[in-house]
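Single-structure report; data block below.
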Amino acid sequence: MNRLYLTTPLYYVNAEPHLGHTYTTIIADTLKRYYQSQGIETFLLTGTDEHGDKIVQAAKDSGVEPKDHADRISALFRSTWDACGISYDHFIRTTEPYHKQTVQEVLKGIYDAGDIYFGEYGGFYCYGCERFYTEKELTDGKCPDHQKEPTYIQEKNYFFRMGKYQQRLISFIQSHPNFIQPERYRTEVLAFLREPLEDLCISRPKSRLQWGIPLPFDSDFVTYVWFDALINYVSALKLKGQEFFQDFWPKANHLIAKDILKPHAIFWPTMLMAAGLPLYEHLYVHGYWVMESGKMSKSLGNVIRPLEMKKRFGMDTFRYFLLREMVFGQDGTFSMDAFVMRVNADLANNLGNLVSRILAMQKRYFDGVVQPLGGSWSEEDVKLREVFLQAGEELQRHMERLYFHRALESIWAALDRTNQYIVQTSPFLLMKDPDRHARAGEILHHLLEALRMTSNFLVPFLPETAKEIRSLLAIPEGPSTAEVPWGTYFQPAHIVRPPAMLFPRIELEND
RNA sequence: CGCGGGGUGGAGCAGUCCGGUAGCUCGCAAGGCUCAUAACCUUGAGGUCGGUGGUUCAAAUCCACCCCCCGCAACCA
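So the first sequence is numbered by the working numbering: it starts at 3 and just counts up by one.
What follows is the structure in structure tokens.
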């Protein structure tokens, strides 16, 4: 049995779900649906990362305990993904006992193996912020928040011998060209690894931070950030049992945004090496959504809220834009103008209108009853089928490389061809001559096949729409019909439903 | 010389890894159709693919150098 384990990052509960979170999660969901439809057993993990300074701070700001704060934001993420129809299999929280247990087991293992040591860390510490600053973060040598010069302090902490694994990691990445994708990020990681890798500080003294998982070998310290957060990918599988872990872990595929490349491409593999675990299979890295009106920020009022987009335009419409507009790996621009343009052109004018015009003819001319196909097909008929076969092949090729935009382009090229086919064959003209009604019926039969194929293609990208088209064609719920050859699916007396408007054109007032 | 990315018709973007008529959406011009969501189809105008040089029969695509813009630069999710 082929398996695939997909993960989103664990979202940090210091912010509410925004466009970036939504994009990563939708990508994960799309991949899951795609591979599921290929007969692969999939497991999709998402969740929330809930420990650390920033959470304590955020909780303090809203006057609640860290746990209450984390509960609230975590629930918000979960309900958002539910409302968005994300088909995740497990939602993990780093504050849950089974996760803490796994983190402690892994830490203990690495400690016992001698790859964690007690050392000293010095840095610029601001007592107002209760955190260290790097020199670059300081403005004129002062803390940007308090305008005060930080104090250089030294602190005892635990360190992970990350540098020890540098060579092994380099060799691994070099011998596994697809380990990090797209390639630009692999190049970046290799470039980074040309410099010596320092050891990683993995603890905070409890005197400064209590909101964390205690180190199993020293109860005066808690683990700090990544050792806690990254291990979730393992602890979620362990929760399902050792066998489940064995089956899925080697098939782990992590999806992340470029901001957390280093932890995932460097910290995490070396941690796995130290823990004696196999490395994950792939790391897929995407870029940022840049708001046309400048940086995304609440004060500018240009924050894209996933639930709001769903409510205004429908989830599939929102998904379509995100998948079609961004080249996976590169940054993309988000603007409402581009959104409206894309949606009107591709979903309303093309897909929606096409479905509607075909079903309208089927209804008007034959009262929805699918007509038989004759033995001989015209050149156009054959061509139409080939166009869809080709689109299916291209789709597969593009999905393997995370080229969502190109996969959709391939589908839409087939839709364009279908519109052309309608004009070329003009069934609406044939219907004026009673002798040619049979031919018009055949043409419509081919067009219904085009829609059937389209609905199969759309399953991973636009799940609701795929389902709706299926329902309009009166195709029962159940497995994909992609394997049924063109022209053999619709049986005599099959009746399709009257047209429905799938995507209304968006007319934006100056709101 | 820190690392990486981007610079393609009026606008926004694909295409660059694997060289071979420069593609898509919007906008503009002309025509067609009437089945459809003022939609759909055809044709046209508009590009020295940031610059210079090189490799090649052939370069947006490979190589070198230069200019402009943007991220990252380690314990900061």
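Virtual Cβ for every residue (Gly too), placed ideally from N, Cα, C.
Any heavy atom of the ligand HEM closer than 6 Å to the CB of residue i?
i          : result
proline 68 : In terms of ligand content, the structure shown is empty, and the ligand HEM therefore cannot be addressed.
Taking the alpha carbon of residue i as the reference point, which residue from the options has its own alpha carbon closest?
i              : options                        : result
proline 218    : Ser205, Gly54, Ile94           : Ser205
leucine 431    : Gly22, Leu446, Gly214          : Leu446
threonine 48   : Lys56, Val58, Asp31, Arg499    : Asp31
threonine 104  : Gly124, Pro216, Tyr160         : Pro216
glycine 289    : Asn4, Glu18, Gly22             : Gly22
asparagine 458 : Thr82, Glu444, Trp488          : Trp488
histidine 64   : Ala17, Thr27, Glu107, Lys264   : Looking at the sequence shown, residue 64 is not histidine but serine. Looking at the Cα atoms, Ala17 is the closest of the given residues.
proline 1      : Met164, Arg210, Lys208         : The structure shown does not extend to residue 1, since the chain is modelled only from 3 to 513, so the question has no answer here.
isoleucine 471 : Glu444, Phe505, Thr490         : Phe505
tyrosine 286   : Asp348, Tyr187, Arg314         : Tyr187
glycine 54     : Gln106, Lys69, Ile42, Glu43    : Lys69
alanine 502    : Pro494, Gly480, Thr467, Gln398 : Thr467
methionine 455 : Val329, Ser482, Asn234         : Ser482
lysine 253     : Pro478, Lys34, Gly480, Glu479  : Lys34
threonine 44   : Leu353, Glu327, Ile413, Phe247 : Phe247
glutamine 59   : Trp213, Arg326, Ala259         : Trp213
tyrosine 123   : Asp201, Val425, His448, Asp348 : Asp201
leucine 397    : Ile413, Leu386, Arg387         : Ile413
alanine 495    : Val486, Pro374, Met401, Glu485 : Pro374
glutamate 327  : Asn234, Pro184, Lys56, Ala340  : Ala340
leucine 279    : Lys260, Gly316, Lys313, Ile233 : Ile233
alanine 393    : Ala409, Gln244, Ile57, Ala85   : Ala409
glutamate 395  : His448, Arg344, Ala484         : Ala484
tryptophan 83  : Asp348, Arg321, Val486         : Arg321
leucine 195    : Ile172, Met401, Gln183         : Ile172
tryptophan 251 : Gln156, Glu283, Lys62          : Glu283
So, for residue i: in the same chain, excluding its five sequence neighbours on each side, which residues have a beta-carbon less than 7 Å away from its beta-carbon?
i             : result
glycine 303   : Note that glycine 303 scores a pLDDT of 45, beneath 50, so its modelled location is shaky; the value from the coordinates is reported in the next line. Same-chain partners within the cutoff: there are none.
aspartate 249 : Arg5
leucine 241   : Tyr100
valine 498    : Leu361, Gln364, Gly370, Val372, Leu450, Leu474, Leu475, Ala476
proline 429   : Met363, Ala442, Ile445, Leu446
leucine 89    : Sequence check: residue 89 is serine here, not leucine. Once the five neighbours on either side are set aside, the close Cβ partners of serine 89 are Asp31, Lys34, Arg35, Leu46.
glutamate 411 : none
arginine 170  : Met275
leucine 453   : Val357, Ile360, Ile471, Leu475
lysine 300    : Legend: pLDDT at lysine 300 = 43, less than 50; position of this residue unreliable, value from coordinates given subsequently. Within the same chain, lysine 300 has no close Cβ partners at all.
If you measure between the beta carbons of residue i and residue j, is that distance less than 7 Å?
i              : j                 : result
leucine 46     : leucine 8         : yes
aspartate 51   : leucine 12        : yes
glutamate 381  : threonine 427     : no
histidine 514  : alanine 238       : Residue 514 cannot be examined here, being either before or after the span of the chain that is shown, 3 to 513.
tyrosine 25    : leucine 324       : yes
arginine 95    : serine 81         : no
aspartate 73   : alanine 276       : no
methionine 433 : tyrosine 491      : no
lysine 208     : aspartate 222     : yes
valine 389     : arginine 359      : no
glycine 334    : tryptophan 291    : yes
tyrosine 167   : phenylalanine 120 : no
tyrosine 423   : leucine 391       : no
leucine 211    : valine 224        : yes
methionine 338 : cysteine 86       : no
Name the DSSP beta bridge partners of residue i, please?
i              : result
arginine 206   : Val224
methionine 293 : Phe336
tyrosine 154   : Phe126
isoleucine 477 : DSSP, once it has assigned bridges, lists no residue as partnering isoleucine 477.
glutamine 364  : Partner(s): none; glutamine 364 has no beta bridge.
glycine 121    : Asn159
alanine 254    : Tyr7
proline 183    : Going by the sequence as given, residue 183 is glutamine instead of proline. Glutamine 183 pairs with Tyr286.
glycine 49     : Leu12, Ile94
valine 371     : Ile497
alanine 259    : His288
glutamate 43   : Arg5
Among residues of its own chain, excluding the 5 on either side of residue i, which ones have a beta-carbon nearer than 8 Å to its beta-carbon?
i                 : result
proline 500       : Leu361, Ala362, Lys365, Gly370
phenylalanine 174 : Phe181, Pro271, Leu281
asparagine 352    : Trp414, Leu417, Asp418, Asn421
Considering only residues of the same chain and omitting the five flanking positions on each side of residue i, which have a CB-CB separation below 6 Å?
i                 : result
threonine 10      : Thr26, Thr27, Ala30, Thr48, Leu257
phenylalanine 229 : Ile204
isoleucine 268    : none
query: Would you call the region 400-415 and the region 428-444 touching, i.e. three or more CB-CB distances under 8 Å?
result: No, because fewer than three Cβ pairs between the region 400-415 and the region 428-444 fall closer than 8 Å, the two stretches do not touch.
- prompt: Is the region 452-471 touching the region 35-51 in the sense that three or more CB pairs, one from each, lie closer than 8 Å?
  reply: The region 35-51, when compared against the region 452-471, does touch it at the 8 Å Cβ threshold.
- prompt: Is the number of C-beta pairs between the region 170-186 and the region 93-100 that are closer than 8 Å three or more?
  reply: Contact between the region 170-186 and the region 93-100 is absent, because fewer than three Cβ pairs lie under 8 Å.
query: Touch check for the region 183-197 and the region 257-265: three-plus C-beta pairs under 8 Å?
result: In this structure the region 183-197 lies against the region 257-265, because at least three pairs of beta carbons, one per stretch, are closer than 8 Å.
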